[in-house]
Amino acid sequence: MGQETDGLLHEVTENIYLLRGENGGRFPFPYSVVVTGGPNVLFDTGCGLRTLERLRERVNIDLVVNSHTHPDHFSGNHLFGGVELLVPEAFAGILADLEAMSVRLAGGGEPAEQWLFMVREILGHRPTEPTGTFVEGRVIEAGGYAFEAVHTPGHTADTYCFYDPVSRVLLSFDYDLTPFGPWYGHVESSLPETRASIEKLIGLEPGLVVSSHRMPLSAGIEEAFREYDAVIDRRTEVVLGMLEKGPATPEQLADLSPIYGLKPSFALYHYFESRLIEKHLELLVEEGLASTNESGTYSLP
5 MGQETDGLLH EVTENIYLLR GENGGRFPFP YSVVVTGGPN VLFDTGCGLR TLERLRERVN
65 IDLVVNSHTH PDHFSGNHLF GGVELLVPEA FAGILADLEA MSVRLAGGGE PAEQWLFMVR
125 EILGHRPTEP TGTFVEGRVI EAGGYAFEAV HTPGHTADTY CFYDPVSRVL LSFDYDLTPF
185 GPWYGHVESS LPETRASIEK LIGLEPGLVV SSHRMPLSAG IEEAFREYDA VIDRRTEVVL
245 GMLEKGPATP EQLADLSPIY GLKPSFALYH YFESRLIEKH LELLVEEGLA STNESGTYSL
305 P
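In terms of the working numbering, the sequence shown opens at residue 5 and continues consecutively.
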């Protein structure tokens, strides 16, 4: 396992290749996955337009699948005009409406403006209507595999992974097992659902995990998922410690950037960090370790 093909495709296992993101897999250019051998399927298109153009010269793509509607996973859809494009059903209706997507994912105002700039100017995305949708249980057959769509909300409401139970290959996308940990920084995101989705993926007992932001993992998989999940508890402890210094809103705590470590942070990242922190504050209130009031301020009870 693990051969390079002209610096473009990294062979993971038979007929499955990692298409390297232009920023080494770091946001906003994650890895994409290519499965070859009747039909040729591309999972996610956010690895960078130049990379995708090189792919088109090498591989005739028959089907494009978006794991979820995050721009770093759909930004190259327009390069595959005329190819079947399957996306999660939940937000398919606004996938081509970037203004609506910016409100959904960045809340409006300056964060949404920066989101739109990123999508249009940095990622080079041009809106593309999907040709079809999928929900949990949809099977994508390619290269001798039968990948079943597994709904794993929490990251976004429409996040899916794909799993082939025979080969035990899991395409986990943004449940990526990186040291940074899980991400749940939208209004629609859910910390409890994130943890439930991690447990769901562990329960599949995969033998190989291919994600969007790190190289594939074939050993110590459950331990890696447990450590990934444990990041949530460490963040909760940090947020709880910050409340010991006095009442604060999520935005005030985000000014200190305990998760991203960005000081100062621009509006879009500040918005994301505020929502991440907010999920932990909501958890602390649920557990009786914090309280909140109508003004949106959180404090110790």
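Backbone N, C-alpha and C define an ideal beta-carbon position, used for all residues, glycine too.
These numbers come from a predicted model, not from an experiment.
Quick one: does the C-beta of residue i sit closer than 7 Å to a heavy atom of the ligand FMN?
i      : result
Ala146 : Because no ligand of any kind appears in the structure shown, any question about the ligand FMN cannot be addressed here.
Candidates the options: which alpha carbon is nearest residue i's?
i      : options                       : result
Glu315 : Gly50, Ala146, Phe229, Ala94  : Absent from the structure is residue 315, since the part of the chain shown begins at 5 and ends at 305.
Pro196 : Phe121, Glu290, Gly207, Arg54 : Glu290
Leu287 : Gly50, Leu205, Val63, Arg239  : Arg239
Gly97  : Thr132, Pro157, Lys204        : Thr132
Ser222 : Leu175, Leu304, Leu90         : Leu175
Phe151 : Ser171, Leu127, Ser299        : Ser171
Thr40  : Gly148, Gly86, Leu109         : Gly148
Ala100 : Leu109, Arg130, Ala94         : Arg130
Phe78  : Asp48, Glu61, Arg62           : Asp48
Leu93  : Thr160, Phe33, Pro115         : The question names Leu, but residue 93 is Glu in the sequence shown. When only C-alpha atoms are compared, the closest one is Thr160.
Ile225 : Gly207, Ile236, Glu241        : Gly207
Cys51  : Gly29, Glu61, Val63           : Gly29
By Cβ distance below 7 Å, which residues in the same chain neighbour residue i in space, the five residues on each side in sequence not counted?
i      : result
Ala258 : His274, Glu277, Ser278, Ile281
Ser269 : Ser261, Glu277
Leu205 : Thr156, Cys165, Leu174, Ser176, Tyr179, Phe229
Ser201 : Thr156, Pro157, Gly158, Tyr179
Ile144 : Val45, Val69, Phe151, Phe166
Leu266 : Tyr273
Leu53  : Gly80, Leu83, Gly128
Less than 8 Å between the CB atoms is what I'm expecting for residue i and residue j, so what's the real figure, rounded?
i      : j      : result
Val243 : His190 : Their Cβ separation, rounded to whole angstroms, is 18 Å, which puts Val243 and His190 out of contact at 8 Å.
Leu90  : Phe138 : 5 Å
If you drop the 5 nearest sequence neighbours on each side, which residues of the same chain put their C-beta closer than 6 Å to that of residue i?
i      : result
Val154 : Cys165, Tyr167
Glu140 : Ala153, His155
Thr296 : Val289, Tyr302
Leu12  : Arg58
Thr198 : Gly158, Pro186, Tyr188
Cutting at 8 Å between CB atoms, please list the residues of its own chain near residue i, excluding the five before and the five after it.
i      : result
Glu57  : Leu83
Gly343 : What is shown of the chain runs 5 to 305, which leaves residue 343 out entirely.
Tyr21  : Thr9, Leu13, His14, Glu15, Val37, Val38, Val39, Thr40
Met246 : Ala252, Leu257, Leu260, Pro262
contact_flag[the stretch 66-81, the stretch 163-171] where n(CB pairs < 8 Å) is 3 or more: Touching, per the Cβ criterion.
Cβ pair count under 8 Å reaching 3, the stretch 206-221 against the stretch 253-260: The answer is no - the stretch 253-260 does not touch the stretch 206-221, with fewer than three Cβ pairs under 8 Å.
Three CB pairs or more closer than 8 Å across the stretch 29-47 and the stretch 59-68: yes
Cβ pair count under 8 Å reaching 3, the stretch 118-136 against the stretch 13-30: no
Segments of 3+ residues assigned as beta strand (DSSP E) that fall wholly inside the stretch 63-91: 67-69
3-residue-minimum beta strand (DSSP E) runs that sit fully inside the stretch 129-192, ordered along the chain: If one requires a minimum length of 3 residues, the beta strand (DSSP E) runs lying completely within the stretch 129-192 are 136-138, 143-146, 149-155, 164-168, 173-177, in chain order.
At least 3 beta-carbon pairs within less than 8 Å: the stretch 176-188 vs the stretch 85-94: no
Inside the stretch 19-56 only - alpha helix (DSSP H) runs reaching at least 4 residues: none
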